[in-house]
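Enquirer:
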Amino acid sequence: MKVLLPLLVAIPVALAADKAKIDPSKIPLPVSRKVDFTRDVYPIFKESCLSCHGAEKQKGKYRMDTREGAFKVTDDYGPAILAGKSEGSAIIHMVSNLIDEMLMPPPSDKPGQSEKLTAEQIGILRAWIDRGAVWPDGPIQEVIKPVTFATDVRPVFAQACGSCHTGPSAKGGFAVDTAEAVLKGGSGYGKVITPGNPAKSSILTILAGKDEDLPEPEKHTLSARQVALVEKWILQGAK
Ligand code: HEC
Ligand code: HEC
50 MKVLLPLLVA IPVALAADKA KIDPSKIPLP VSRKVDFTRD VYPIFKESCL
100 SCHGAEKQKG KYRMDTREGA FKVTDDYGPA ILAGKSEGSA IIHMVSNLID
150 EMLMPPPSDK PGQSEKLTAE QIGILRAWID RGAVWPDGPI QEVIKPVTFA
200 TDVRPVFAQA CGSCHTGPSA KGGFAVDTAE AVLKGGSGYG KVITPGNPAK
250 SSILTILAGK DEDLPEPEKH TLSARQVALV EKWILQGAK
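According to my numbering, the sequence shown is numbered sequentially starting from 50.
1) Taking the beta carbon of Asp158 as the centre, do at least 16 other beta carbons fall within 10 Å, making it buried, or is it exposed?
2) Taking contact to mean at least 3 C-beta pairs separated by less than 8 angstroms, is the region 251-270 in contact with the region 166-179?
3) Hey, is the region 142-161 in contact with the region 94-106, meaning 3+ C-beta pairs nearer than 8 angstroms?
4) Under 8 angstroms Cβ to Cβ from Val84, same chain only, skipping five residues before and after it: list those, please.
5) Evaluate the contact criterion for the region 222-237 versus the region 196-206: three or more CB pairs, one atom per stretch, below 8 angstroms.
6) Would Val196 and His214 be called neighbours here (beta carbons separated by less than 8 angstroms)?
7) Measuring only the C-alpha atoms, how far is Ala63 from Pro188?
8) Extract the residue ranges of the alpha helix (DSSP H) inside the region 160-210, only unbroken runs of 4 or more that lie entirely within it.
9) Would you kindly work out how many angstroms separate the C-alpha atoms of Ile292 and Phe223, rounded to a whole number?
10) State the DSSP-derived secondary structure class of Gln275, mapped to helix, strand or coil.
11) How big is the Cα-Cα spacing for Thr254 and Lys106?
12) Can you tell me whether His102 sits near ligand 1, meaning its C-beta is under 7 angstroms from at least one heavy atom of the ligand?
13) If you draw a straight line from the C-alpha of Lys288 to the C-alpha of Asp124, how long is it?
14) Would DSSP call Thr115 helix, strand or coil?
15) For my contact list, Ile140 and Ala129 are in at a C-beta cut-off of 8 angstroms; report their separation, rounded to the angstrom.
16) In or out: Val122 buried (at least 16 other Cβ within 10 Å) or exposed?
17) Can you give me the C-alpha to C-alpha distance between Ala65 and Lys249, rounded to a whole angstrom?
18) Within this structure, are the beta carbons of Ser236 and Gly221 separated by less than 8 angstroms?
19) Taking just the CA atoms, how far does Ser212 sit from Phe243?
20) If I measure Cβ to Cβ from Val183 and keep anything under 7 angstroms in the same chain, skipping five residues before and after, which residues do I get?
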């Protein structure tokens, strides 16, 4: 007992000391641009974390390929991801090397392995967490699956728009036959898509049924699911 007691006291004290040590001013700042889970965040997890925290291995009983796994409340370091508060999120403390012996990914002797995250990458994770840590619904393989014109978007446009927007006689000079034609836009509206930037892509306003200048708005309205697909395609660069 004489030996055990000091140990039992020492452990919680050490942990409390670790927590107290976290100085938010030492964390790289969040980036100011808009970040997207699929395009910006998950690729960082994939490159730097999933080899140890994915479907195959779960070091520290932690996995980041599912939402509930990633948002785990750890026993010793608090919530791994605290939506809305990056400076209170353990993954941010760890990637910033603010918890003793818990730098993630852990240092390695092998060159090229376990590279520390850059300030920019940490800034991206912070911006994502600060703005609510939005993790899209559905299995991750579906969420991160690339959306392409040929396999995903073309069939939707062909069915909904093809009767009026095909070939040289397409209404308003806007044809949906190829990605190039869609990106080129029409004779009146010009470009309606800015690759990588849904907010600057007026086609989404049209497809949501909110463009009041077009004839037959109902013919220009897609389901919310289809609009989301087109939006994802644009976000991923409209390839
Ligand atoms: C090379 C393997 C490896 C990589 C890559 C790695 N980790 Fe870890 N991680 C570990 C190990 C091992 C532990 C357990 C350490 C311990 O408890 O002392 C751990 C523990 C954690 C924990 C604590 C889990 C808990 O419940 O206590 C978090 C959170 C974490 N890692 C996040 C990350 C993040 C975020 C990344 C990517 C930026 C990452 N890790 C990359 C090996 C890795
Ligand atoms: C029933 C026929 C019809 C259908 C179906 C239709 N449109 Fe149209 N669309 C028109 C007409 C008519 C115009 C106006 C053309 C003009 O101003 O000369 C137009 C104009 C447009 C324009 C503006 C072109 C420009 O630059 O002037 C776009 C973009 C457009 N449509 C996209 C679509 C998309 C995307 C779909 C499928 C979701 C679709 N349309 C379905 C008839 C249709």
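Note that the Cβ used here is the ideal one computed from N, Cα and C, for glycine as well.
Expert: This is what the structure holds:
1) In this structure Asp158 is exposed. Its beta-carbon is surrounded by fewer than 16 other beta-carbon atoms within 10 angstroms.
2) No: the two stretches stay apart, fewer than three of their Cβ pairs being nearer than 8 angstroms.
3) The region 142-161 vs the region 94-106: in contact.
4) Cβ neighbours of Val84 beyond the five flanking positions: Val90, Ile173, Ala176, Trp177, Arg180.
5) Counting C-beta pairs with one atom in each stretch, the region 222-237 and the region 196-206 have three or more that are closer than 8 angstroms, which means they touch.
6) One thing to note: Val196 has its Cβ no nearer than 8 angstroms to the Cβ of His214.
7) Bear in mind that the predicted position of Ala63 carries a pLDDT of just 47, short of 50, making it unreliable; the figure below should be weighed with that in mind. The alpha-carbon atoms of Ala63 and Pro188 are separated by roughly 39 angstroms.
8) Considered as a whole, the region 160-210 harbours 168-179, 189-192, 203-210 as its complete alpha helix (DSSP H) runs of no fewer than 4 residues, in chain order.
9) Shown here, the chain extends from 50 to 288; a query on residue 292 therefore has no answer.
10) Gln275 falls in the helix class under three-state DSSP.
11) CA-to-CA, the gap between Thr254 and Lys106 works out to about 43 angstroms.
12) Yes, ligand 1 has a heavy atom inside 7 angstroms of this Cβ.
13) About 44 angstroms.
14) If DSSP states are grouped into helix, strand and coil, Thr115 belongs with coil.
15) Contact between Ile140 and Ala129 holds: CB atoms are separated by about 5 angstroms, below the 8 angstroms threshold.
16) Exposed, because fewer than 16 other Cβ atoms sit within 10 Å of the Cβ of Val122.
17) Caution applies to Ala65, whose pLDDT of 44 falls short of 50 and renders its modelled position unreliable; the value that the coordinates give is listed next. Ala65 and Lys249 have their C-alpha atoms some 48 angstroms from each other.
18) At the C-beta level, Ser236 and Gly221 come within 8 angstroms of one another.
19) Note that residue 243 corresponds to Thr in the displayed sequence, not to Phe. Their Cα atoms are separated by approximately 25 angstroms.
20) Within the same chain, Cβ atoms closer than 7 angstroms to the Cβ of Val183 are found at Phe86, the five residues on either side in sequence being excluded.
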